[in-house]
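Shown next, in structure tokens, is the structure this report addresses.
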Amino acid sequence: MTGSETAVPWLTILALLPVVGAVVVLLVPKGSALPKLVALGFSVVALVVTVAMAVQFDADGGFQFVEQYNWIESFGAHYAVGLDGLGLVLVLLTAILTPVVILASWHDADGGRWSANSFFGWILALEALSIGVFAATDVFLFYVLFEATLIPIYFLIGGFGGPQRSYAAVKFLLYSLFGGLLMLASVVGLYVVSAGNEGGSSYLLEDLMATDIGTSTGRWLFLGFFIAFAVKAPMWPVHTWLPDAASEATSGTSVLLVSVLDKIGTFGMMRFCLNIFPEASRWATPVVITLAVISVIYGALLAIGQQDMRRLIAYTSVSHFGFIVLGIFAMTSQGQSGAALYMFNHGLSTAALFLVTGFLISRRGSKMIDDYGGVEKVAPVLAGTFLLAGLSSLSLPGLSPFVSEFLVLAGTFTVSIPAAVIATLGTVLAALYILYMYQRTMTGPVRPSTAKLPDLRAREVVALAPLLLLIVVLGFFPKPALDALNPTVDRLLQQVGMEDPQPTVASEEGGS
Amino acid sequence: MTAHTSTLASRLAAEAFNKPDIDYGKLSPLLIVFGVALVGVLVEAFAPRDRRYVIQTAVSIVGLAAALAAVVVVGLNVQSNHGGASLGSVEAMGAIAVDGPSLFIWGTVLIFSLMSVLLFAERQLEGGITAFAGQAAALPGTEAEREASSRGIEHTEVFPLMLFAIGGMMLFASANDLLTMFVALEVLSLPLYLLCGLARRRRLISQEAALKYFLLGAFSSAFFLYGIALVYGYAGSFRLGDIDTAVSSTVGGNGLLLAGMALMAVGLLFKVSAAPFHAWTPDVYQGAPTAVTAFMAACTKVAAFGALLRVFYVALGGVRWDWQPMMWVIAALTMAIGSIVAITQTDIKRMLAYSSVAHAGFLITGFVGAQQGIEVAGQQISSLQAVMFYLVAYGFTTIGAFAVVTVVRDAGGETTHLSRWAGLGKEAPVVAGVFAFFLLAFAGIPLTSGFTGKWAVFTSAWAGGAWPLVVVAVLMSVVAAFFYVRVIVVMFFSDPVGDGPTVAVPSILTTITITVGAAMTLLLGVVPQPVFDLARAAGEFIR
Amino acid sequence: MSATPFLILSALLFGVGAVGVLVRRNAIVVFMCVELMLNAANLAFVTFSRQHGNFDGQIAAFFVMVVAAAEVVVGLAIIMTIFRTRRSASVDDASLLKY
Amino acid sequence: MIAFWVLAPVMVVAAVAMVMARKAVHCALLLAVIMISLAVLYAVQNAPFLFAVQIIVYTGAVLMLFLFVLMLVGVDSSDSLVETLRGQRVAAVVLGLLFGLLVVVALSQATLGTVVGLSAASEQADGNVKGIAALLFSTYVFAFEVTSALLITAALGAMVLAHRERLTPKPTQREMVAQRMRDYATSGVHPGALPNPGSFARHNSVDTPALLPDGTPSELSISRVMRARGTVRDVSRDRLTERGIETETRQIEEGER
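Protein chains in written order, with the working numbering: chain A, 4 to 515; chain B, 48 to 590; chain C, 19 to 117; chain D, 160 to 416.
Next comes the structure, spelled out in structure tokens:
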């Protein structure tokens, strides 16, 4: 678990860059394109730094770019950051999506009650906090940043978007606070449990992993963490905030919410639940797998019935998160590698889907599927990107989500055949909801109201292009990502004390 | 018990009268505050009316700063006892404990008082006069009142009254015998009763607040007194240390002690506004002038918790198992009532009052853990430290929040109705943003002092075995978060009603208070360690 | 004589006073009931003082009397203010009364 | 001993009566009974100093202050000022009884041991008063000094709430007359004194309005306060009808004849 200290504080720089950006954005004059340009500039620089850092990453090197300082000694809290494969992939996802979202939301905040400055300022703040969350190796630091992410996203949902946004924002916040405060109870419990350690309480992940937590205590504490992450992820039955929030927020906010923030839930399960509470994780596996399978099917079924495109995508995400959780708790190297990769891929594909529908909605002014028809004839590029994003969402072979979904199912199959079979049903339903939506909006006769829809503009194409490119490339060539993830997953399984029923080499299957 | 009487009798015999031995240096913070209060009274008597305001403000600020400096000096020179388990000594013939926690609380109270004095002295918001009644004796709505107002007459007596209250608070938290504690309780209460009734605007509800506070306060101090009587009956002495000796030397429970303990708890819990003794809090907080509310909410709570902890940890620590269940119930009830009732409030001050009730519950949660310094290992925090930290964090946030309430106004003075705050975020983004920040701190969102404070008291409770209480506290935090968030929604996401609220530009005094409050709320959220170090250095209560 | 009868008397007085505070609605009477409670406490102090054979209890009773005196002044001043306000609430200007 | 058994029932009865009495003055007087009885009980229990203080301070000063304020606000005042919850009364009584029972049981169960008595302590300290003084000025000296803060607060508070400073110089007789004449000149207000209240055979108090020549009551003859309070006596029924007056006059005339 120990990593190498780093000479350059990469992660601190990376987290501070957007913070500085946010402050600058708030200071520049309102009403011009300047704040947007500044925001874009900072997010692109952050992306460049991330890539520069990722290049130096050594897949087998454990935690890297480690920084560790005492923060609050009385709490045993540290400022401790570091990245393993999983963290790196998610930081990369955050860094990629932020400039994309800024570019795609160029005009979304214009003419609202709040200035565009605050919109882009909050986005950058969110980027900073998300990077911090994925990099934190101290539970206290993680918790603090985890809760702090609520503030920017709360103002992003509540300040910009549809008429019901205030309600959606409050609902989101209360769900998250409920989960978060339950987790606080567990965090407090961890402190008390680790008090007996040599050198007193510590929140460092490595110290907690070495702590012997009693069985029943461990299970209770696990529950606190797990419920918080399940709310975040979101899993059935605590998912109901997501459709409201995604439906009311702007598409850029939805992307950040679903593609980045919700990943904290699944990330937290892998990073903290499994590492700190291996026994409790094994104990909870049957229930969690059941919930995950329910999420897969429930999300898919509800998605089919949706009229509102944003709600539909939100429900597909519930289904996809079901897959991710399923992969994590299958406790096989395939399943977990797949789940980790799925987080990245789902981020890309859902982001693409949200953005394309966002472009569509901004043209016509309606979220309802029935208001569209025959769009592919008037706006072929838009329809094409919509199709590509949709196909990636239903995990078409050759596109990146397929690899991860396949790995998850294969990993699950070796442990629980019924779960794998039912989850596979989810993929069929996925085809149904995506194609059904495509058929109703894009094909058919051109409606009078959609007859004059302009096609995608250059800015919008530029925003979407990197996402679609990555989806295709990773679909055929997922090896670099899997190489980064596999050592992490192996260590994780070792900590949980599980072994694969039948050893397989995950990276080979990925290419097929 | 008989052993006591014999020692006492022999003491009386040996020293028919001994000159009291008082170390004035160590008591200097207290003496400075009382002395400055007396100076204030003299200023009232001799200074011309138009100069009093300036003189009183200056005297109060300088006096409080001097007292604070004295606290620092005394703190740097305290001796340590029992290998560092506690600091300081018992002074004034055993009446006052000048120990680490006392000094910590003195310092805290003085800092909050300095911030409150600035609010008391604010003149710009009312167009050149303070927020206190021009002539309290003039009937509301009469020609005499208007005349007093138009002539710019103001009651500068509020400054000495406030100083007396501060002196009482400091004494209350450091009293080492129950009798001194009772006197201190009255010294801190009487000026507060008076201050509550002196609002310039809405005088009727202000006077009603004073009456309610007075009657219920007197009622509760009668309970406190009867409790003292019973405990005295049990132990034969008022000294906390002697009571502790009596408690630990007798085996088994005793009706007298338990009844006395319960009655004393009523008096103390009243002052910290814990349920079911919180009924006065919303009315008084709403009716009192906002500056006084800020002062009461922060300082009284600090002092009362200081006294509560001292009585229960020092004198009654031996019967911890008897009072802990009672406090469990009180803590849960207080949090529940404070949080749930706050949801239905439509007045900001009232809502903050219920929030203060809820916070009292969180503080009691930390208190029931009853983890003594010697029981915790390494860098861990004891219950005393947790509660003291929470008090510091809560005080800064509360004073800041009430200070913001004073600047949101319309033609009729402060607009405290929630609906009138709609759209404030658009009108005055900075003020609304700062207030939202305070609310987030109350809700316990990370990176604010509220979070670190909550964390500290929850840990203390859990380490003391009260984990179910922690779960209740967490659930109540969610409920509480709801109404804080509601205010944020109103401020930022609702459209203003009518003209909407206006934010008056306050003078530098209120600005300083708000800035300090906000800055400390942030600092204690991000780098709380120095305050924890200070609390650790303060050690435990002296016995 | 045993201390118990005195203590029971004091408890009774205290209880009656407490009930009075809760039951009565006239502020002055409520305050009188509080005074009754303080007096009951004083009786307990004096009795315990005799019980333990030290003067501390008597000192306490003495302090209570001083405190009560101050409290009465403040309390009655507040009550007076309220009474005057309420009384004149129907008549808007006291200084314009019949001369 | 005898004093206790005589006084205890009196005190309890007085206390209960005090809570039940409807008039505030009765409450105050009953409280006086309790306080004086208490003073006697102090004397019985070796506390002569407190006996004196109780009489002088409590009964003499505190209670008199109560009575004084009662007189100021009106003896028959029964304003309800404390907003109480509905249905609280019964709950309060029940709670109070439970509480009393609890304390009584706790006290009677408590193992108090033998009474030490104060004779030894008094002897050593050379008397009760000296013993108290020695303790007061040594052990409790700080608390004693702090009570001065209480007293100052009380004085300050009473002054703030009750003392009204005269902001304008008091008008002299001459100024008042001049003002009155000016008023008469500008608005025609009658410059003379207002009419007196009515003086009749049956009533001549200030609440009886004087009658105008046409038989209607004069508004000006009654204080505005009384009108506002609605305590003006209705004289319409006392007024005799015209015919009645004629009859009466005739009877009188006839009688005289």
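Positions of the beta carbon are idealized from the N, C-alpha and C atoms, including for glycine.
Beta-ladder partner(s) of residue i, from DSSP
i	result
A/Y82	A/Y72
B/V120	Partner(s): none; B/V120 has no beta bridge.
B/I143	B/E138, B/A222
B/D394	B/H464
B/S127	B/L134
B/F46	As displayed, chain B neither begins before 48 nor continues past 590, which places residue 46 of chain B out of reach and without an answer.
D/P356	Answer by DSSP bridge pairing: none, since D/P356 is not bridged.
Residue i to residue j span [Cα, whole Å]
i	j	result
B/I152	A/G165	50 Å
B/S496	B/A345	15 Å
B/P76	A/R222	51 Å
A/I154	B/I69	54 Å
C/S113	B/L186	Since pLDDT at C/S113 reaches only 30, below the 50 mark, its modelled position is unreliable, and the value read off the structure follows with that caveat. Whole-angstrom Cα-Cα distance: 10 Å.
B/V552	B/S466	21 Å
B/A490	A/S108	32 Å
C/D74	A/Y206	52 Å
B/L287	A/V142	42 Å
C/R43	C/F49	10 Å
B/M398	A/R313	37 Å
B/F498	A/P21	24 Å
B/A378	B/V313	13 Å
C/G35	C/R104	27 Å
A/G182	B/F529	14 Å
CB contact flag (residue i, residue j, <8 Å)
i	j	result
A/S322	A/A433	yes
D/G259	C/A29	yes
A/T140	A/A83	yes
D/Q204	C/T65	yes
B/A469	B/S403	no
A/A354	A/V258	yes
D/A308	B/F167	no
Reduced DSSP secondary structure (H/G/I, E/B, other) of residue i
i	result
A/Q67	strand
B/T549	strand
A/M371	strand
C/D110	For C/D110, the predicted structure reports a pLDDT of 32, less than 50, and the residue's modelled location is therefore unreliable. A value from the coordinates is still provided. Looking at C/D110 - three-state DSSP - the assignment turns out to be coil, as it is neither helix nor strand.
D/L370	strand
A/L207	strand
C/D74	helix
C/S20	coil
A/G387	helix
B/R357	helix
A/F480	coil
A/P400	coil
A/D486	helix
A/A252	strand
Exercise for review: Please list the residues of the segment 63 to 87 of chain C that have a C-beta atom closer than 8 Å to any C-beta atom in chain D, keeping them in chain order.
Suggested key: V64, T65, S67, R68, Q69, H70, G71, N72, F73, D74, Q76, I77, A79, F80, F81, M83, V84, V85, A86, A87
Check your understanding: If you measure beta-carbon to beta-carbon, which residues of the segment 475 to 502 of chain B are closer than 8 Å to chain A?
Key -> L487, A490, G491, I492, P493, L494, F498, T499, K501, W502
Practice item. Using a Cβ-Cβ cut-off of less than 9 Å, list which residues of the segment 204 to 227 of chain D approach chain F; keep chain order. Key: In the structure shown, chain F does not exist; the protein chains are A, B, C and D.
Exercise for review: Below 7 Å between beta carbons is the criterion; list the residues of the segment 94 to 105 of chain C that meet it against any residue of chain B, in chain order.
Suggested key: I96, I97, T99, I100, R102, T103
Check your understanding: Relative to chain B, which residues along the segment 286 to 300 of chain D have a C-beta separation below 9 Å, given in chain order?
Key -> K289, G290, A292, A293, L294, F296, S297, T298, Y299, V300
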